[in-house]
Amino acid sequence: MMRMIWKVKKGNSKKLTDILKSSKQGDIILLSPGEYHVLSGINIANITIKGIGNDPSEVVIHGFFSLRNQSVLTLANLTLYTPHNRNTINVKNGSTLTLEKVIIHGGTSGNYPSIWCENATVKINASEIYLPEEKGASIYLSNNSEAVIRNSMIYSIVAYQSYIQLHQAQVRVAVRLMENGILSGTGIVDFPGVSNYFGLYMANGSRANFDTVNIDENSVYFSLDQSILNIKKTRISENLLLTVSHDKQSKVEIFGDTNRIKINIDDEEMPSSKERSTSQTVEPVSKKDKLKEEPVTSKEENSLYHIEKQQKSGLEELQALFGLHDLKKQIMKFINTVKFNQSRKEQGFKTTSLTLHSLFMGNPGTGKTTVARILGRVLYENGVIGTNNFVEVTRKDLVGEYIGQTAQKTQEILEKSKGGILFIDEAYSLNSDSKNDFGKEAIDTIITFMEDNRDNTMIIFAGYTNEINKFLKMNSGLESRIPNKFYFDDYTPEEIAEIGYMNLTNEDYIVDEKKYKEVIQRLYSHSIDKSNARWVRNVNEKLIQTMANRVVETGSEDTQTILDEDFDVLTGNQNVDKEVKVNELLHQLDSLIGLTEVKDFIHRLIKQVKVDRILMEDGSNVEKPSYHMIFSGNPGTGKTTVANILAELFYYLDVLPTPNVKVVDRSDLVGAYVGHTEKQTKEVIEQSMGGVLFIDEAYQLTAKSGNDFGKQAVETLVTYLENYRDKFIVILAGYTKEMEKFLETNSGLRSRIPLKITFPDYRPEEIATIVEKNITKNWEINIPLLKSVVKEIYVHLPDNEKANARWARNFSEKLVSNHKVWLSDHHSTLDNLKKIQDNVIYEMRQNYISTTEHKKTIY
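Heads up: the sequence shown begins at 1 in full-length UniProt numbering, then just goes up one per residue.
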């Protein structure tokens, strides 16, 4: 049977009731934000009901449900209010109830548990179950029922011959275990001790095991009658106590601070009535007298118990925003000034006219629009502005296509926002260098309106800080009319990781919190993308796409859990053993011919890098290290090869997010006209972010004099060296003497490039070894003869031809080429194709020596 997905529009209770009555197994009902009334107890088939608001409070159902005969009901992201003298959900006969991000407010009578469960299963995650009276039970279990409660707050639970699992949960009032009831508490279970009741009452063969019990609000009392209690760890705040009273037939084992744990046997030293109402605490809740099951009928009720949804005030909503600590202080000062003026006005004193117009400055994704909306609510709630009207516009909403249209469009928007908030995003886009642009006309219209409505309407100009400051220069009347400036700082990597994690969990995904936050913090710390919350939203979308692809391709039914392998797309496959890879790369470095000083330097550098990472991860207050470098030396000394090894080393040491090396020279950075160089250099630098930028023959950037644009490239580079020192690594390479002169051309270069490695020329015997390695990969040869000839040739070369490894490569290629010619001339058989004859080597020697002697004769 094909399952149906139903979507119910805001508050359409009749449609919801009709769908519930006609729903089939597997149907999914999506509820838009709003309030719904289910006026009769509905016998549920196997269905899912999910609110599609931003949080559970946005979708509210007034009513109650019944599950019978192995039915399945899943509720997600919504709030339930229960009628008077009813159970919210009645679960029986092998049925299963699942709650995910659900808030339940029980009926007015505490005699009726919110959830009544007989021989059934309840699964609760990230939810809150309330009851108006402490004496009742918010969840009642009997007849071998099971409740698995994770990351939730429960008012109280009663379990007769049933099993409870609590994981990272809070019990506000009490747990009752009766008649062989069993409780398993994993993670931390919190007992606030907010009532006169025993936080835990156990009787008649019941058992409870806890990993950790947390007590940090009030002292808590447990009572045992013929039962067993085991607590592996306690966390009890100062001046608080855990008191456990039990009879001699009970067994208690608790580990923790003995000064904060008190155990009484046979009710000795029981708390007095002044400390706790023992008449209420000793006796368990009576099933017969105090807890009632509400039989579900199809008869419609004429009236329902209703609790109005409590909406946060604007100030509460502002404080609830994640991060933005400095900004909140700024806004609170502004709001306090507004309140102060209001108070003076009410007292009949003169007030200073307060201009509301403001600047919101910061990078994308820092919450400018969200804060603007909330600020509008605050001002409205405090009577400063007349309406809670929020109008958001950009350039296209204000600027017309012909003369006269702009002023009209802008005025219409201004009138629409009058008495409320007008939020102009990317306001600087109104400024244009074009003579025919109408943005100036929009600004002129806005300025007139601002002056006339400065104390009853708030116009907010939002955008990047630098661009907004330039925008203010566009019209001399702007800055004087906008006295309030609010700066939105970028989120820290830790805050970005927290935002991303909260977004995923709010969307019902399960992810390893520690791993997720480590990955996100590392990626964001290396990113130059300053879109903040938008950045992490995009990363989450990429992560979910990868997960979705895996789920579909593997046929998995788990659409909720993000696995470690899904992180590979973000991290570049971090399943490898990084320490092993680092050792392999160091071995590769050590296997290079010569370069003894270079190898020693890099080994020391890698040790330093490891310690730097430990210090930073430990939270030590140390300055972020810079690993920009100078590679000085002649051509062919291995600079590019070592740069590639270093890039991979930094990648596996988690210094860089990629092992990429971008090799460029002057032609890639320097443009042909004014403004071109800065743009071209920025593009190259940003392409290399996260990896290594290797600038070969860097001294050529300033080799020319006069109005050469190379100096502009260097100035642009210096800015990035400082501002993005931990985002990428720059290696400047070139001849030793020329690089020294180059560093003198800009005072900021030497101080921003702390590391310098000198690559020495290869000795003749090292050149011979390089040639040997090149040749013996694919060919057979007389090695002693080859090395002897190579050394002799290299010794006699003019200095300007000693190109180190490049010469060795060219010699090797020439030798192989001569060998192939020799094979063709001598009609060689397949038997000796791979062997290079001695004659070929001698011929190479003769040709080089003859050429060298000829050059000496000429010069």
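Glycine included, C-beta positions come from ideal geometry on N, C-alpha and C.
Everything numeric in this text was worked out from a predicted model, so none of it was measured.
- Are the beta-carbon atoms of residue 669 and residue 680 separated by less than 8 Å? Position 669 of the sequence shown, counted from the first residue, corresponds to residue 669. Position 680 of the sequence shown, counted from the first residue, corresponds to residue 680. With contacts defined by Cβ atoms closer than 8 Å, residue 669 and residue 680 form a contacting pair.
- Cutoff 7 Å; reference residue 599; Cβ partners in own chain excluding five residues on either side: Stepping through the sequence shown from its first residue, residue 599 is reached at position 599. Cβ within range, chain order: 589, 590.
- Task: List the whole-angstrom C-beta distance separating residue 871 from residue 628, where the pair is believed to meet the contact cut-off of C-beta under 8 Å.
- Result: Only positions 1 to 859 of the chain appear in the structure, and residue 871 is not among them; the question remains open.
- Task: Give the DSSP bridge partners of residue 34, in chain order.
- Result: As a position in the sequence shown, residue 34 is number 34, starting the count at 1. The partner list for residue 34 (beta bridge, DSSP) reads 59.
- residue 501: which of 57, 692, 518 sits nearest, CA to CA? Sequence index remark: in the sequence shown, residue 501 carries index 501 (1-based). Selected option, being the one with the closest Cα: 518.
- Go through the UniProt domain "AAA+ ATPase" (625–761) residue by residue and report every complete run of the alpha helix (DSSP H) that reaches 4 residues or more, in order. 639–652, 666–669, 676–687, 710–723, 736–743, 747–752
- Item | Assigned secondary structure, residue 78 (DSSP; H/G/I helix, E/B strand, else coil) | For the purposes of this step, residue 78 is taken as the residue at position 78 of the sequence shown. Reduced to three states, the DSSP call for residue 78 is strand.
- Task: Would you list the residues sitting across from residue 222 in a DSSP beta bridge?
- Result: Sequence index remark: in the sequence shown, residue 222 carries index 222 (1-based). DSSP lists 200, 244 as partners of residue 222.
- Message: So, at 6 Å on beta carbons, what are the nonlocal neighbours of residue 685 in its own chain, with the 5 sequence-adjacent residues on each side left out?
- Response: Position 685 of the sequence shown, counted from the start, is the residue given in the question as residue 685. Answer for residue 685: 720, listed in chain order.
- Task: Let me know the secondary structure DSSP gives residue 477 once reduced to three states.
- Result: Looking up residue 477 in the sequence shown gives position 477. The answer is helix: DSSP assigns residue 477 an H, G or I state.
- So is residue 451 buried or exposed if we call it buried at 16+ other beta carbons inside 10 Å? For the purposes of this step, residue 451 is taken as the residue at position 451 of the sequence shown. Flag for residue 451 reads exposed.
- Can you name, in chain order, every residue of its own chain whose Cβ lies under 6 Å from the Cβ of residue 360, other than the five neighbours on each side? Position 360 of the sequence shown, counting from 1, holds the residue named residue 360. Excluding residues within five positions, the ones whose Cβ falls inside 6 Å are 368, 460, 462, 486.
- Task: Indicate whether the contact test is met: 3 or more Cβ pairs, each with one atom in the segment 154–162 and one in the segment 170–190, closer than 8 Å.
- Result: yes
- Query: Does the distance from the C-beta atom of residue 225 to that of residue 204 stay below 8 Å?
  - Reply: Counted from its first residue, the sequence shown places residue 225 at position 225. Counted from its first residue, the sequence shown places residue 204 at position 204. With contacts defined as CB atoms closer than 8 Å, residue 225 and residue 204 qualify as a contacting pair.
- Item | One or two residues paired with residue 235 in a DSSP bridge | In the sequence shown, counting from the first residue as 1, residue 235 sits at position 235. Paired residue(s): 214.
- Query: Run through DSSP, which three-state label would residue 68 get?
  - Reply: On the sequence shown, residue 68 is found 68 positions in, with the first residue counted as 1. Three-state DSSP puts residue 68 in coil, outside helix and strand.
- Residue range of the unbroken beta strand (DSSP E) whose run includes residue 163: Position 163 of the sequence shown, counting from 1, holds the residue named residue 163. Start and end: 163–178.
- Item | Any 3 or more C-beta pairs closer than 8 Å across the segment 385–398 and the segment 492–511 | no
- Backbone secondary structure at residue 844 - three-state DSSP: On the sequence shown, residue 844 is found 844 positions in, with the first residue counted as 1. In the structure shown, residue 844 sits in a helix (DSSP, three-state: H, G or I).
- Alpha carbon to alpha carbon, what distance is there between residue 9 and residue 129? Position 129 of the sequence shown, counted from the start, is the residue given in the question as residue 129. Position 9 of the sequence shown, counted from the start, is the residue given in the question as residue 9. Approximately 26 Å between the Cα atoms of the pair.
- Query: Quick one: is residue 863 buried, meaning 16 or more other Cβ sit within 10 Å of its Cβ, or exposed?
  - Reply: Residue 863 lies beyond the range of the chain shown here (1 to 859); nothing can be said about it.
- How about the segment 657–672 and the segment 599–611: do they share at least three Cβ pairs that are nearer than 8 Å? Judged by Cβ distances under 8 Å, the segment 657–672 makes no contact with the segment 599–611, as fewer than three pairs qualify.
- Query: So what's residue 4 in DSSP terms, helix, strand or just coil?
  - Reply: Taking the first residue of the sequence shown as 1, we reach residue 4 at position 4. Residue state, collapsed to three classes: coil.
- Message: So for residue 783, helix, strand or coil by DSSP?
- Response: Translated into positions along the sequence shown, residue 783 becomes position 783. Here residue 783 sits in helix by DSSP.
- Query: Roughly how many angstroms lie between the CA atoms of residue 364 and residue 424, to the nearest whole one?
  - Reply: Counting from 1 along the sequence shown, the entry for residue 364 is found at position 364. Counting from 1 along the sequence shown, the entry for residue 424 is found at position 424. About 14 Å.
- residue 546 to residue 407 span [Cα, whole Å]: Within the sequence shown, the letter at position 546 stands for residue 546. Within the sequence shown, the letter at position 407 stands for residue 407. Between residue 546 and residue 407, the C-alpha separation is close to 49 Å.
- Item | Cα-Cα separation between residue 711 and residue 745, rounded to whole angstroms | In the sequence shown, counting from the first residue as 1, residue 711 sits at position 711. In the sequence shown, counting from the first residue as 1, residue 745 sits at position 745. If you take the alpha carbons of residue 711 and residue 745, they lie about 8 Å apart.
- Task: Assign residue 449 to one of two classes, buried (16 or more other C-beta atoms within 10 Å of its C-beta) or exposed (fewer than that).
- Result: For this step, residue 449 is matched to residue 449 along the sequence shown. The residue in question, residue 449, is buried, as its Cβ has 16 or more Cβ neighbours within 10 Å.
- Item | Opposing strand residues paired with residue 140 [DSSP bridges] | Residue numbering aside, residue 140 sits at position 140 when the sequence shown is read from its first letter. Within the DSSP bridge table, the entry for residue 140 names 116, 158 as partners.
- Item | residue 465: first and last residue of the uninterrupted alpha helix (DSSP H) it sits in | Here residue 465 corresponds to residue number 465 of the sequence shown, with the count starting at 1. Where residue 465 is concerned, the enclosing alpha helix (DSSP H) stretches over 465–472.
- Got a sec? Which residues, its chain only, sit under 6 Å from residue 120 by beta carbon, not counting five neighbours each side? Position 120 of the sequence shown, counted from the start, is the residue given in the question as residue 120. Once the five neighbours on either side are set aside, the close Cβ partners of residue 120 are 91, 92, 95, 145.
- Report yes if the CB atom of residue 453 is closer than 8 Å to the CB atom of residue 386, and no otherwise. If you number the sequence shown from 1, residue 453 lands on position 453. If you number the sequence shown from 1, residue 386 lands on position 386. Cβ atoms of residue 453 and residue 386: not closer than 8 Å.
- Label residue 800 either buried or exposed according to how many other C-beta atoms from any shown protein chain fall within 10 Å of its C-beta, with 16 as the threshold for buried. For the purposes of this step, residue 800 is taken as the residue at position 800 of the sequence shown. Exposed is the label assigned to residue 800, since fewer than 16 other Cβ atoms lie within 10 Å of its Cβ.
- Message: For residue 412, count the other beta carbons within 10 Å of its own beta carbon; 16 or more makes it buried, fewer makes it exposed. Which is it?
- Response: On the sequence shown, residue 412 is found 412 positions in, with the first residue counted as 1. Classification of residue 412: exposed, given that the 10 Å Cβ count is below 16.
- Task: Please name the residue in 232, 431, 613, 655 whose C-alpha comes closest to that of residue 523.
- Result: Position 523 of the sequence shown, counted from the start, is the residue given in the question as residue 523. Closest option to residue 523, Cα to Cα, is 655.
- Can you tell me where the beta strand (DSSP E) with residue 563 in it begins and where it stops? Numbered from 1 along the sequence shown, position 563 holds the residue referred to as residue 563. Neither: residue 563 is in no beta strand (DSSP E) and is coded neither H nor E.
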